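For reference, each letter of the sequence shown is one residue, going 1 to 579 in the UniProt record's numbering.
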Amino acid sequence: MAEVDVQNLLLGETTCGSLLHQLQKIWDEVGESDEERDKMLLQIEQECLDVYKRKVDQATKSRSHLLQTLADAKLEFSTLLVSLGEKTYVGIPEKTSGTIKEQLAAIAPALEQLWKQKDERIKEISDVQAQIQKICGEIGGNSDRLENQAVNVDVSDLSLKKLDEFHDQLQELQKEKSDRLHKVLELVSTVHDLCAVLGIDFYSMVTEVHPSLNDATDVQSKSISNDTLARLAKTVVALKEDKKQRLQKLQELATQLIDLWNLMDTSEEEQGLFDHVTCNISASVDELNVPGALAQDLIEQAEVEVERLDQLKSSRMKEIAFKRQGELEEIFARAHIEIDTQAAREKILALIDSGNLEPSELLADMDNQIIKAKDEALSRKEILDKVEKWMSACEEESWLDDYNRDDNRYNASRGAHLNLKRAEKARILVNKIPALVDTLVGKTRAWEEDHELTFMYDGVPLLAMLDEYAMLRQEREEEKRKLKEQKKIQEQPSIEQETSFGSRSSPARPASITKKIAGPRANGTPNRRLSLNQNGGRPVNKDGRRDSTKSISPLKHAAISKDDAASRVSGTEPAPSTP
């Protein structure tokens, strides 16, 4: 560069010399004085000096500007390295000497590369921050406001570490958004199922929470804000409570329907119209998921039907009450408990006609009576079963007595072998009667001690019946013993006469033995209600005395009257019956 300047200077001197030579020629021709010539030369020299000074000043300023540019470039380079988080830069040359322009030329490409890297890093961070800002807006419920807000990037820290922090934050927010979206969809599905069961419009319900929850909206566009989640959860709770209340109401109506159907013997066809109501009578809240099962119009239909049946029940109250009373009387009859049926029915009529008692209360009271009657009948069942066995055994005993008095029982008549077999079984059964009576007495006394009541059988104390039976049986055995002795006395002369004449006549049976028993029967069937005849329950002979040889079956003769039983319970003897 110095050589170029020298050449230019020499060239300049040569040019100036030729110009000066030409100027001297002109001055010679003109005839300028030496003084004028010196003056003009000094002027030319001064002007040349001024030109050089200006050029030197310009060069100085240019150098200063280049030095400032180099310093600024180095500072910018260092700042970019710090901002980008780079400790060193591989692309920068190690040459730090040379002319200013050479140094500038060396740093310019690296600086340009860092500027480009800075712009790319700003864009990356800006994009990540925009996504973070958008998700935060969706969670906070102010996405529309934040969407139009510009993203401010901190250019002082554009390092990869900072970018990674933003990426981590974005991933956490994306995961939270995914979880929230899953929760929203789950809650929306629950709302859909509940609305289906309750018969409620699902779309109006969810769009009331947030318009984006409509099925037509893209999944990623659905609201996941805190407010939306809270309102959805509140809606689910409200719908579940509504479902619980409706199910409880429906089950109450179903119970009422079944009770009313049972009361009025409603046909199965009519009941089938409300199968969709009664089929859920025992269902739990979580089990019931049938669409429309708890719709409001269905519950209203059930309410209308219950109201209709209630009105019908009121008009048929007497019939229903008497049906209940009939059931109660049947239970008492099977348990051989005597009640005043006429008075009970008159009382029911009076209560219904007075209107002082609600029909439901009357039926509930009668239901309680039926339950108590069943419990009482159950407590008497064991004793009643043994009473039936006792009575059956006494019937067989009565038949056996009749059979034994029949002189033709061994004749080869039709059916004689069957009667013979029955007689053998009857004797076995009759031999068990004393033990059966003892067992029955023990159980009856235990029952009376347990219940602190007298065990009545068709209005007669059972123990009194058993005591009377035992007494009559003992008397019968005594009469039999006496009869045997009398028979031996009557047969003794015949034996002696037979010994004398070598022959023996058949002894005649006493009239009391051969006489048939005519016990009280109804239509050929033994009367199960026990009662006494005018002679204290035993048949009489021709001479007017009681015949203890005849049967003492409780079905015919062994029972005592109510007055007699009462006198025995009180410890007094009954008045003798009129013959």
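Here a beta-carbon is modelled for each residue, glycine too, at the ideal position from N, C-alpha and C. Bear in mind the structure is a predicted one, so any value in this text is a computation, not a measurement.
{"Check": "Distance, residue 105 Cα to residue 15 Cα", "Outcome": "36 Å"}
{"Check": "Buried/exposed call for residue 103, threshold 16 Cβ in 10 Å", "Outcome": "buried"}
{"Check": "Beta-carbon proximity check, residue 129 vs residue 155, cutoff 8 Å", "Outcome": "no"}
{"Check": "Inter-stretch contact at 8 Å, needing at least 3 Cβ pairs: the segment 199-206 / the segment 244-253", "Outcome": "no"}
{"Check": "Minimum length 3: unbroken beta strand (DSSP E) runs contained in the segment 13-94", "Outcome": "none"}
{"Check": "Residue nearest to residue 164 in terms of C-alpha spacing, selected from 124, 190, 178, 135", "Outcome": "124"}
{"Check": "Per-residue burial, residue 306 [other beta carbons within 10 Å of its own, 16 or more giving buried]", "Outcome": "buried"}
{"Check": "Residue burial classification, residue 336 (beta-carbon count within 10 angstroms, cutoff 16)", "Outcome": "buried"}
{"Check": "Range of the contiguous alpha helix (DSSP H) that encloses residue 214", "Outcome": "Counting along the chain, residue 214 falls outside any alpha helix (DSSP H), and DSSP gives it neither H nor E."}
{"Check": "Residues of its chain near residue 529, where Cβ-Cβ distance is below 6 Å and the 5 sequence neighbours each way are ignored", "Outcome": "With a pLDDT of 38 at residue 529, under the threshold of 50, the modelled position of that residue is not reliable, and the figure given next carries that caveat. The answer, listed in chain order, is 458."}
{"Check": "Cβ-Cβ separation, residue 433 to residue 397 (assumed contact under 8 Å), whole Å", "Outcome": "7 Å"}
{"Check": "Collapsed DSSP secondary structure at residue 410 in the structure displayed", "Outcome": "coil"}
{"Check": "Cβ-based burial, residue 302 [other Cβ within 10 Å; buried from 16]", "Outcome": "buried"}
{"Check": "Residue range of the alpha helix (DSSP H) that includes residue 445", "Outcome": "433-451"}
{"Check": "For residue 109, the three-state DSSP class (helix, strand or coil)", "Outcome": "helix"}
{"Check": "Rounded separation between residue 108 and residue 115 - CA only", "Outcome": "11 Å"}
{"Check": "Residue(s) in a DSSP beta bridge with residue 456", "Outcome": "461"}
{"Check": "Residue 438 to residue 258 span [Cα, whole Å]", "Outcome": "48 Å"}
{"Check": "Rounded straight-line distance, which links the Cα of residue 45 to that of residue 58", "Outcome": "20 Å"}
{"Check": "Residue 205 beta carbon less than 8 Å from that of residue 228", "Outcome": "no"}
{"Check": "Backbone secondary structure at residue 183 - three-state DSSP", "Outcome": "helix"}
{"Check": "Segment contact, 8 Å Cβ cut-off, at least three pairs: the segment 445-455 with the segment 367-383", "Outcome": "yes"}
{"Check": "Residue 43 versus residue 35 - alpha carbon distance", "Outcome": "12 Å"}
{"Check": "Neighbourhood of residue 344 by C-beta distance below 7 Å, restricted to the same chain and skipping five residues each side", "Outcome": "325"}
{"Check": "CB contact flag (residue 328, residue 264, <8 Å)", "Outcome": "no"}
{"Check": "Residues near residue 18 in its chain [Cβ-Cβ closer than 8 Å; skip 5 each side]", "Outcome": "none"}
{"Check": "Rounded straight-line distance, which links the Cα of residue 118 to that of residue 135", "Outcome": "26 Å"}
{"Check": "Length of the line joining the Cα atoms of residue 487 and residue 330", "Outcome": "51 Å"}
{"Check": "C-beta contact flag for residue 455 and residue 466 at 8 Å", "Outcome": "no"}
{"Check": "Rounded C-alpha distance that separates residue 373 from residue 332", "Outcome": "7 Å"}
{"Check": "First and last residue of the uninterrupted alpha helix (DSSP H) at residue 266", "Outcome": "Per DSSP, residue 266 belongs to no alpha helix (DSSP H) and is neither H nor E."}
{"Check": "Stretch-stretch touch, CB-based, cutoff 8 Å, three pairs: the segment 338-355 with the segment 469-476", "Outcome": "no"}
{"Check": "Residue 250 and residue 226 closer than 8 Å at C-beta", "Outcome": "no"}
{"Check": "Cβ distance (whole Å) where residue 318 is taken to contact residue 352 below 8 Å", "Outcome": "6 Å"}
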